[in-house]
Every structure is written in C-alpha cells, then in structure tokens.
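Everything on this sheet refers to the single structure shown next.
Residue numbers (this note's numbering), protein chains in the order written: chain W, 1 to 247; chain A, 1001 to 1297.
Laid out in structure tokens, this is it:
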C-alpha cells in the first residue's frame, strides 16, 4: 500500500446488532485512480460508504483520506471528499443553482465564490442552460449529473459514487461514466465507484470485490478472472464460492 | 466496456489545485456561511410550501374565533398575573395559541428531519466538514425563524379580536418567542432521532403534541385545573410547554417570568444536548437505525 493513498481503509468492521455488515475490510484508492467496488446487493457497499462518509463511526479499524484519519480529523478528511449517494438527494422544489449553493455553504463557500463554481461545474456536466430550473423538471440522468456537479463544488480530491447509474437509461449511464472518467484522466481526481454493472469498468481500473461484508478479490480489473475469463463471469464464480476470502 | 459518448466542451478545470488548494473555509467565517446556508435552504423550502404557512395559521385562528368565542361566557378568567383585571377567555388563550403554532412547527421540523433521513438529504448534510452540533443548531435556528414569523402572523390577525396586548408587548415577546421556539424545536430535533420512519409520526402527534398542548396552561389557568385534579395540576406544572406559554404570556404584557425562563432554557439545553448525542456517528441513531436496506438485519 502506498503511503499517500487518496483513501485508505484498514481492517474496518461494522455490525448491525449481531449481523456483521463489514468484516475486516481493507482497501486503498490510489491518487488519480479509478477504483471500482463490485458487489451484489447487500454485500456491504453502502455500509462501507456510510463509514467512509462518517455517517457511522467505524466500530473497528481505521479510515483515512489523504492521510487525515476520519476519527481524529473528521473536518480535514471530509473537506477532501465528495460523495454521490445512491438515493437521489437533491431538493426537487429548489432550482439547480439553489441546490448547488446550499451544498457550497455546507463547505463554507461564500455565495459569490459559490456562484462562480456553479457556472464552471454546470458547464462541465453540460447543463449550464438548466441553472435556474427546478430540479423536478430534470430527467433522472440530468439529476445525476447535477449531483456529480454538487459533489465537486468544494474541489474535493476524492470522489465516492454509490451505484450512480442505477435506474438510468444507457445513454445517461454512458454520460455519467464519461464525465467521471474525464475528471480522473484530465484532473487527477481519485474515484471509488460502487457498482454491479460490469460495462462501467475498464480492464485498467482497480477492482475490489465485496461479498457478504468481506473482500473476496482485488486487483487490476482485467486480471481478476482467469485468463480469457470475462470480469462478469469471474465475479459470478467468485461470489458463488463459499467462504472465499482474498489474500 | 462502455465507450465514453458524452464529452463536454473544454471548460475550466473543476478541481484546479493550482489556483488554490481549497475554496471552502473551516474557520469561524466558514461556520457562519454554513449556518446561513442551512437556514436559507429551510426558508426557501418554507416559502415553497405556502399551504403549510396557511394551515399553521388557520389552526389557532379556528380555536380563537370558534372555540374561544363559544366558551367566552362559560370560562371567565379571574385576576392573576400578568393580567391586572378580569380578562375574557379569548384574551387569555391568545399566548397559548401563539406558542401552539411553535409547538406544531417544532414537530413539523422534526418530521422534515425524518423525511430528510428517508430520502437521503440528511446524508448530504452530515458529510459537511463542520461539527454535527453546528449543523443541528442551524436546523434548529431555521425552524425557529419560521415559527416566529408564523406566531407574529397569528398575533397580527388576533389583534383585531380584542386581544388587549400593549404595543410594547409585541416587542418584548420576541425574545420569549425565540426561547420557546428553540425549546420546542430542540424537543422536535430529539424526537426526530427516535422516530425511525415517517409513518410512526402519527404517534408523535398522539403522544407528544396533544398531551403537551392540553395538559398545559395554554387553554385554562392552572388554578382551575387544580380545582378538579391535583395530579393533573402537577402534570401541567411539570410540562415544559406550560412554561413556554407562561414566558410568552408574561412577555406579551411586558413582564418577565424568571421560573418559566429558567425551565425553557434548561429544557432547550437538555434536549439539544441529547439530539447532538443522538446524531453522533458513533453513539446515536445514525449507527443503529440508519442502516441501509439489505445490509441491516
């Protein structure tokens, strides 16, 4: 593990009552890397995201973002982090700009600076013309693009996306993937992308497979399966094997 | 593998580390920006829901115009502070109805916290790098701002109904309304941490709002209640809502009620403290109750 990982999760465990949602999970997201977190529904992806975003304290283990431990320096750690949650979390009665400025204020960005940022980000996600429209008038794909713009408003260096393309049509999905990949390629953003849609993953991405709260495989996405085996097939085989745990 | 099909036109970099490492501030100015932003969002939401404003206004006016008018002759109120003479029942009931607006508003804010948690916008709020107490305080202040506006809107209508409030009273009541709004908002904030789902909110109505309102000095002076039941009298005395009503009642007649003030401040601090603990990621409800579907038992 490199010393300067964008995100470092070390031996994190989390239980809801008697059930272990996460068990001894460790992973790194390198700077400027696109890391895919793969797992079937209920694997623990959302719980892991909740721990990384400090909605829950990690009960065991340690999370740090650019070297800032989440439990000791939560403000510094969260200031470097942008998040797109699985559920749609925009205020539908407010305009796009009002939503983004609200989020800017949550990060201590004054209105004038915030408005400037909103312009830059809406250009980036291709929705500058919808700035003063209410969110309820946007399509699902457009709302998602606004949520990506929102997650970037405070110039984070690490972006977490929890199944951001669920429920979107093919074209919108491709748009979202392209926008985020461009940010990684052109601006060195580090990304942890939770998904169970294999088409969104490139062979060069880092991949981590989470199953029943444990990491069962990790490595370069193209190397996860046996030679010649597609990632999707490898994934199905891995999660079908009882008790498999990655070395 | 999906080929990138959407590539935006060349634009300014969105991260732009060279320009400045961060544009947000984590200092005291940042605290104020964050606080202001949350209050602003709540007000925007409030003004987008005009029916909420009117329904909050209609409820006490129905009490005043119909209920109080009907009881006018049966329920004369004898001389007791802050009144210096016999007062009509509708005069007596006005402060209680104004604070009732704040009670409903406090619970409404609590309801919106539960809703925020269900739809996920609470998660967005809590990923702010500022401390949790500041985020909750901002929510509380926003709710109080709305409730004070509503209470004064009610007083403005009630003005035409022989309420006998001295002009200066409208000014001296402001801090009392702020204090009672904070107390009822803090209770609502704490309750929001106990309610897991929106559907359970009906029980909050049954077990919190109605008992608090009826077992208080809002509708009848406590000596009257004591005449019929000593136990009920003590329940009303211990009800913090009674003290909020008395604080406002005295302030409207340019008087200060120290015991009521102490109770209101104490209850506010206690419930706000408990809400902060409840929303703490390590100890509170977010850890126990906020588990995602499919990953919780």
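The C-beta atom is built at its ideal place from N, Cα and C for all residues, glycine as well.
A straight-line Cα-Cα distance of about 5 Å links residue 68(W) and residue 77(W). Straight-line measurement puts the Cα of residue 95(W) at about 11 Å from the Cα of residue 1045(A).
Bounds of the beta strand (DSSP E) holding residue 24(W) are 19-29.
One Cα belongs to residue 116(W), the other to residue 132(W), and the distance between them is close to 14 Å. Cβ atoms of residue 163(W) and residue 89(W) stay farther apart than 8 Å, at about 13 Å.
In this structure, DSSP gives residue 68(W) an extended state, which the three-state scheme calls strand. At a C-beta separation below 8 Å, residue 53(W) has these neighbours in chain A: 1123, 1126, 1127.
With a cutoff of 7 Å on beta-carbon distance, residue 1179(A) and residue 1087(A) are scored as not near each other.
Scanning the stretch 1025-1096 of chain A from its first residue to its last, the whole alpha helix (DSSP H) runs of 4-plus residues come out as 1028-1047, 1050-1062. Non-local beta-carbon contacts of residue 221(W) in its own chain, meaning distances under 8 Å to residues more than five positions away in sequence, involve 36, 201, 202, 203, 204, 205, 206, 207, 231 in chain order. For residue 1048(A), the neighbours in chain W by C-beta distance under 8 Å run, in chain order, 93, 94.
The DSSP assignment places complete alpha helix (DSSP H) segments of no fewer than 4 residues inside the stretch 1228-1290 of chain A at 1230-1238, 1240-1252, 1258-1278, 1285-1289, in order along the chain. Judged by DSSP in its simplified three-state form, residue 1177(A) adopts helix.
Straight across, the Cα-Cα distance linking residue 41(W) with residue 1122(A) is about 22 Å.
Per DSSP, the continuous alpha helix (DSSP H) segment holding residue 1144(A) begins and ends at 1132-1158.
For residue 34(W), the enclosing beta strand (DSSP E) stretches over residues 34-38.
Residue 13(W) holds the alpha-carbon nearest to the alpha-carbon of residue 60(W) among 13(W), 66(W), 85(W).
Under the 10 Å beta carbon count, residue 1127(A) is surrounded by 16 or more other beta carbons and is classified as buried.
Not a single C-beta of chain W is nearer than 7 Å to the C-beta of residue 1143(A).
CA-CA distance, residue 1156(A) to residue 1231(A), rounds to 36 Å. Distance between residue 1172(A) and residue 1080(A), taken at the CA atoms: about 20 Å. The alpha-carbon of residue 1209(A) is positioned some 24 Å away from that of residue 1039(A).
CA-CA distance, residue 47(W) to residue 209(W), rounds to 14 Å. Buried is the label assigned to residue 53(W), since at least 16 other Cβ atoms lie within 10 Å of its Cβ.
Taking the C-beta atoms as reference points, residue 1068(A) is found no nearer than 7 Å to residue 1102(A). Residue state for residue 182(W) is assigned as helix, using DSSP reduced to three classes. At a cut-off of 7 Å between C-beta atoms, residue 139(W) does not count as an interface residue with respect to chain A.
For the stretch 1096-1125 of chain A, the set of residues with a beta-carbon nearer than 8 Å to any beta-carbon of chain W comprises 1119, 1120, 1121, 1123, 1124, 1125, in chain order. Straight through space, the alpha carbons of residue 1112(A) and residue 1105(A) are spaced by roughly 10 Å. For residue 1143(A), same chain residues with a beta-carbon under 6 Å away, outside a window of 5 residues either side, are 1109, 1185 in chain order.
Less than 7 Å separates the beta-carbon of residue 149(W) from that of residue 121(W). Taking a Cβ-Cβ threshold of 8 Å, the residues of chain A close to residue 78(W) are 1127, 1128, 1129, in chain order. Of all residues in the stretch 1188-1222 of chain A, none comes within less than 7 Å of chain W when Cβ atoms are compared.
Take residue 26(W), set aside five residues on each side of it, and the residues of its chain with a beta-carbon closer than 8 Å to its own are 9, 10, 11, 12, 61, 215, in chain order. Taking residue 219(W) as reference, the option from 171(W), 28(W), 21(W) with the minimal CA-CA separation is 28(W). As summarised for the stretch 1100-1136 of chain A, the continuous alpha helix (DSSP H) elements at least 4 residues long and confined to that stretch are 1121-1126, given in chain order.
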